[in-house]
Amino acid sequence: MSRQLHLNVNILNAGVFGGSWRFPGTDATASYTIAHYTSIAKKAEQAKLDAVFLADGPALDPSIAHRTGNNLEPSTVLARIAAQTERIGLIATLSSSYNDPVEVARRLGDLDHVSGGRFGWNVVTTAGSVAARNFGRASEPEHAQRYRRAAEFATHVVASWAARTDLVSPQGRPVVVQAGGSRDGRRLAAQVGEVIFSADQDLAHARAFRAEIRAGAAEFGRRPEEVVILPGISTVVGSTEAEARARRALLDDLLPDAYARARLAGQLGFSLDGLSDDEPIPAELLVEPDAAGGSQTFFRIVKTIIDTENPTLGQLLKKLSGGAGHRIVVGTPEQIADDIETWFRAGAADGFNVMPDVLPSGFDDFADHVVPELQRRGLFRTEYDGRTLREHLGLPLPSAHLEVTAS
Amino acid sequence: MSTAVQLALGVGVPDPHRSDGPTVVSLAAARTIAAVAEQVGLAAIRLVDGGPSGRTLDPTVVAGYLAGVHGGVGYVTEIPTTRHAPYNVARRVLSLDRATAGRVGIALQAGQGDEVSAVTAPVPDATDPTRRWTEYARVLTRLWESFPQSALIGDQQAGVVVDTARVTPINHEGVFYRVAGPLDGPSSRQGRPVIVADLGALDATAVAESVDVVVVDRSSAADADATVTEALGRVGRSRHDVALLGRADLAGYTPATAGTYGDELRDWAAEHRLDGVELVAKGGSDAIVTALRTVVPRLTDPASTPATLRAALGLSEVAAVLA
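Protein chains in written order, with the UniProt record's numbering: chain U, 1 to 407; chain L, 1 to 323.
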């Protein structure tokens, strides 16, 4: 059978756009109820997706006044989804900076067992002082130090899973997912990541990123095809192109301005107060990405847009639309399928982490119209072949013993 | 008067050679037991962490899973302070409580610290497990109240999701922990999750400030009401604010005498002013199911359907207590 796409849905509370919770027909606070997550997961299972994905950070997002935030702890949400579904994979984000590795290894290994081998762990280092203050710190640990701990933490957790003799799952152990696009993050991805979530606006860059990760994995003694690379893609689906564009325009209008500015300031690591919407961000404020202390991935994306397009601040805010900096694709189901197919065939992606504009409606549109189009083209499964997340992703069962490679 | 009943049970892999702790059953058997627990009006299943009778699954994972299938019974998760930073535990337990519309509690186990909090502990060499428990429980209750449900507005016209003026950091700085808060999600239907403490492992004074349920061993039940009443009084709380449960094995009888055993437990509870009993599962899952069907109806009214765990335990909801 020809190479197949992998698709996850990122249930990012009310949707990736900052104004999603205000979209007509949307229950503003539905994402604060568990049913929002379980019903989207059931829909994802009907659409034969690989997995649902939950982003997370142990903190109240400071932009909570103007947009919904993640608000339920992922391991508990996925335990419930596991009880109410049969096949769909379950991926949770848990911080390596603010957890104990022994505790995480046990809890997540148990969740894998309870779900029948459907769990994946997205390792993140958690940027930001807001989370840091919930664990006694004034600010986050420095970037390289966070990633050193993450590598040790992940190695310990995986070794602990490999050593299990009871309560093992049918997939051997959970899938390790990694999302960092920084230099430190790419190294961690090559070392331990089995699924890589990336953020890329540009096909050529994404293809180079995928090649780099695969080569890096080989250097750590791993097989490149055992790494599945899934860029984030924000989708705005319409039954006509005009309808899709109108939907996007409405979402831009619904974006609370105060939120958009605060969000971008957070991504860039400096205040936007006093800057005009009608002028570009002054170049002297923008450092090189590797020197940025927070999320280097999103700093790099925003800086690339600034460097190539020199937008005014207002134009930049509109382009990002309060989203996480992932690529936004607007169009009919056929147009979105074309885009996905192009990236997939070009070797820029093994599939996508789909971030619908509005939840649940944007995901319903994706599942009901884009997925069938991808299936018609022979790019996506019409039935599950296996029962575990590893089987969905085409990843082999891990060997019983962890091969510890020197870093 | 109805007597609240909680069943203590481990879920995981039983050790066939040991039976001295609470029974450990498989996840499949736990599903069956939870279904029966729902039918007979059990207040909660207390999910044991560890113990001698087998290897247990993480109680929060089991609670999340079982509540996804049988949501009509409460779940109390045993969690030690050891290896768990309080912010993480507060989030996880409140997430479960919100997902179940207010049917979750934590049996917080006194222990050591966690490596994340240890780095920034205000008093680095403090180790006393009891003092740690007291501070930990205080952090939990304050975090659970840091984001009141009423602050979640969702005003689409005005573009306001949360009234941030009503969401307040706790800025806790104690001996063991420094925690800013607030929590990321709003309070639950029962106000906040239930905190359970075991008398014996902890003394009444240490738990008085934050506890909702005190569990006492059978041998110490006679003095427990007076001890707990006095300790609560010293922190300005009433005995009615707390449910006192006596612990008894769910064993030592035949099917024919099970009803009588239920009557004995009810009389025992009444004699010592206990608000309920914690039945420690013994024997195989079939025996547990049979016992639940025969013993529990003698203690509690299956026709009553309390909306929350607090209500099932005869406790007021937190909002009412705070008003």
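Glycine included, C-beta positions come from ideal geometry on N, C-alpha and C.
| Query | Result |
| --- | --- |
| How many Å lie between Ile168/U and Ser160/U at the Cα? | It is worth fixing the name first, because residue 168/U is Val in this sequence and not Ile. Straight-line Cα distance between these residues: approximately 11 Å. |
| Tell me the rounded alpha-carbon separation between Ala204/L and Ala197/L. | 9 Å |
| Scan the region 125–193 of chain U and note each continuous beta strand (DSSP E) run of 3 residues or more that stays entirely inside, going in chain order. | 175–178 |
| For Asp217/L and Val280/L, I'd like the C-alpha separation in whole angstroms. | 11 Å |
| Across the region 175–183 of chain L and the region 79–93 of chain L, are there enough close Cβ pairs to call them in contact, namely three or more that are closer than 8 Å? | yes |
| Report the neighbours of Thr66/U on chain L: residues whose CB is nearer than 8 Å to its CB, in chain order. | According to the sequence provided, residue 66/U is His. The question's Thr does not apply to it. By Cβ distance, chain L contributes Gly159, Val160 and Val161. |
| Evaluate Ala323/L with the Cβ neighbour count: other Cβ atoms within 10 Å of its Cβ, from every protein chain shown; 16 or more gives buried, anything less gives exposed. | Because the pLDDT at Ala323/L is just 41, under 50, the model does not fix this residue reliably, and the value given afterwards should be weighed accordingly. Ala323/L should be labelled exposed. |
| Drop a sphere of 10 angstroms on the beta-carbon of Val119/L, count the other beta-carbons inside from all chains shown, and report buried for 16 or more, exposed for fewer. | exposed |
| Note down, in chain order, each residue of its chain lying with its Cβ closer than 7 Å to the Cβ of Ala231/L, except the 5 sequence neighbours on either side. | Ala204, Thr205 and Ala208 |
| In chain order, which alpha helix (DSSP H) runs of at least 4 residues are fully inside the region 295–331 of chain U? | 296–309 and 313–320 |
| Give, in chain order, every residue of the region 3–37 of chain U whose Cβ lies closer than 7 Å to some Cβ of chain L. | Trp21, Arg22, Ala28, Thr29, Tyr32 and Ile34 |
| Residues in the region 127–142 of chain U with C-beta within 7 Å of chain L's C-beta atoms, listed in sequence order? | Arg133, Asn134, Phe135, Gly136 and Arg137 |
| Judging by CA-CA distance, which residue of Arg83/L, Arg247/L, Asp125/L and Ala126/L is the nearest neighbour of Arg107/U? | Arg83/L |
| With H, G and I counted as helix, E and B as strand and the rest as coil, what does DSSP make of Thr130/L? | helix |
| With three or more C-beta pairs closer than 8 Å as the rule, is the region 362–370 of chain U touching the region 272–292 of chain U? | no |
| For Gly394/U and chain L, any beta-carbon pair shorter than 8 Å? | no |
| Does DSSP put Val318/L in a helix, in a strand, or in coil? | helix |
| Can you pull the chain U residues whose beta carbon is under 8 Å from the beta carbon of His84/L, in chain order? | Asp100 and Glu103 |
| Counting pairs of beta carbons, one from the region 23–31 of chain L and one from the region 371–388 of chain U, are three or more of them closer than 8 Å? | no |
| Report yes or no: is there a C-beta of chain L within less than 8 Å of the C-beta of Asp166/U? | yes |
| Distance cutoff 8 Å, beta carbons only. Does Glu219/U sit that close to anything in chain L? | no |
| Candidates Lys319/U, Asp100/U, Leu393/U and Glu334/U: which alpha carbon is nearest Gly351/U's? | Leu393/U |
| With a floor of 3 residues, list each beta strand (DSSP E) that falls wholly inside the region 18–70 of chain U, ordered by position along the chain. | 51–54 |
| Are Val228/U and Leu395/U closer than 8 Å when you measure CB to CB? | yes |
| Can you list, in chain order, the residues of the region 71–83 of chain U whose Cβ is nearer than 9 Å to any Cβ on chain L? | Asn71, Leu72, Glu73, Pro74, Ser75, Thr76, Val77, Leu78, Ala79, Arg80, Ile81, Ala82 and Ala83 |
| Quick one: give me the first and last residue of the beta strand (DSSP E) that Leu274/L is part of. | Run containing Leu274/L: none; DSSP gives neither H nor E here. |
| If we count the other Cβ atoms within 10 Å of its Cβ and call it buried at 16 or more, is Ala29/L buried or exposed? | buried |
| Taking only the alpha-carbon atoms, compute the straight-line gap between Leu94/L and Ala211/U and give it to the nearest angstrom. | 42 Å |
| Is Glu115/L close to chain U? Criterion is C-beta to C-beta, closer than 8 Å. | yes |
| Any contact of the region 256–272 of chain U with the region 7–18 of chain U, i.e. 3+ C-beta pairs under 8 Å? | yes |
| Per DSSP, what are the beta-bridge partners of Ser198/U in this structure? | Pro231/U |
| In angstroms with no decimal places, state the Cα-to-Cα distance between Asp15/L and Arg55/L. | 7 Å |
| Taking the alpha-carbon positions, what's the Glu341/U to Leu379/U distance? | 8 Å |
| Return no unless some Cβ of chain L is closer than 8 Å to the Cβ of Arg106/U. | yes |
| Counting only beta-carbon atoms, is Val214/L nearer than 8 Å to chain U? | no |
| Return helix, strand or coil for Gly120/U, following the three-state DSSP convention. | strand |
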